[in-house]
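In our numbering, the protein residues as written are -4 to 246.
Note that CB positions come from ideal geometry on N, CA and C, so glycine has one too.
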Amino acid sequence: MNVDPPTPFMDDNRQTTALTRRRLLAAGSVAAVSGVAGCSSGETTTSSVSPSAIGTLTETASQNGFPETAVELDGDRRTPIIGDLDADITVRVFENYQCGHCARYSLNHFPAIREEYIETGTIRYAMHDLPFSRDGWEASRRAPHAARAVWEDAGHTAFWEYSQKLFANQDTLGPETYARLAKQVGADPDDARSAAANRRYEAAVSADVAFAEELGVDATPTAFVVDTVTDGYDFETVSAAIEDAKPEANA
């Protein structure tokens, strides 16, 4: 049975201009976040960097009220960003396309975060891949490549819509699902299937995994609001952390 996400994203015009932003360096370290979220990698990590540090952004113009979009470039890491690129608050979420908790977050809680905080320009929001290497999680290692192929082929907005479709069709992840969903968002279905099979974007996905390890993340979904990991992934918990991080809340 084919299942679609509840709310599709609007189209963008896919015009890009290079834009270098200042790096936002936060003082102090971040506590290890093992066990906070629902699906575990089974590995133990410790934190050594700040999640609020922002690298170089390549901005993507938008239409029809869709939030600003960008790609954060930091070495091999290529991170999709939406929201106000100059926002004071950065939210980073590590997700795994095979994780049931991530599907619940993406389909049930992320839409409210998008409406309340992304579309209003309150935050900039980054999505990171965190596939698991252990047995039984093969789809978690393939799906990010299909999503990145859609991103490269059809644009930033298609990527965000495709990602939600992957979560909505989590029970059937595999070559045919990658292709079918790619066609639905206007991307090349054969290219998405091939990218997943060949793990075409391994350098970028591995860079996300390394970043997660540096932050002490070993479970998904894990959300950071500025430098603080949230106690859960439901809208109320993430919203409370965003409200606490607003400049006026700390005046």
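Item to check | Cβ-based neighbour list, LEU176, same chain, cut-off 7 Å, excluding 5 preceding and 5 following | outcome: TYR157, LYS160, LEU161 and ASN164
(request) Quick one: residues in its chain with C-beta nearer than 6 Å to the C-beta of THR215, no 5 flanking neighbours on either side, listed in chain order? (result) ALA32, CYS34, PHE89, GLU90, ASN91, CYS94, CYS97 and LEU125
Check: Using a Cβ-Cβ cut-off of 6 Å (strictly less than) and excluding sequence neighbours within five positions of PRO170, which residues of its own chain qualify?
Finding: ARG188
Stretch-stretch touch, CB-based, cutoff 8 Å, three pairs: the stretch 137 to 156 with the stretch 230 to 246 | no
Skipping 5 residues on each side, what residues in its chain have a beta carbon closer than 7 Å to that of ARG119? ILE76, GLY78, ASP79, LEU80, ALA82 and THR85
- Query: DSSP on ALA174, reduced to helix/strand/coil?
  - Reply: helix
Practice task
Closer than 7 Å by C-beta to THR172: which residues in its own chain qualify, once you throw out the five before and the five after it? Chain order, please.
Solution key: ASN164
Between the CA atoms of ALA207 and SER234 - distance to the nearest angstrom: 22 Å
- Identify every run of the beta strand (DSSP E) within the stretch 110 to 185, keeping only runs that are complete inside it and at least 3 residues long; order them along the chain. 118 to 124
**Prompt:** Is it the case that the Cβ atoms of HIS151 and TYR196 are separated by a distance below 7 Å?
**Reply:** no
Through-space distance from THR167 to GLY181, alpha-carbon basis | 20 Å
- Message: Using DSSP's beta-bridge definition, name the partner residues of CYS94.
- Response: Note: CYS94 sits in no beta bridge, so no partner.
* Cα separation between ASP183 and ASN245? -> 47 Å
Is ALA198 near the ligand SAM, going by C-beta to nearest heavy atom under 6 Å? Absent from the structure shown: the ligand SAM. Ligands present: none.
Here's the rule I'm using: 16 or more other beta-carbon atoms within 10 Å means buried, otherwise exposed. How should ARG143 be labelled?
buried
Original post:
DSSP on LEU80, reduced to helix/strand/coil?
Top reply: coil
**OP:** Compare the Cα-Cα distances from ARG137 to each of VAL204, LEU210, ALA190 and ILE113 and report the closest residue.
**Re:** ALA190
Self-check item: Contact check, ILE237 vs VAL212, beta carbons under 7 Å
Solution: no
Q. Excluding sequence positions up to five away, which residues of its chain have a Cβ less than 6 Å from the Cβ of ASP71?
A. ALA198, ALA199 and ALA202
**Prompt:** Under 7 Å, do ALA121 and ARG87 count as touching if we go by C-beta distance?
**Reply:** yes
What does the alpha-carbon distance come out to for the pair ASN193 and ASP186? 10 Å
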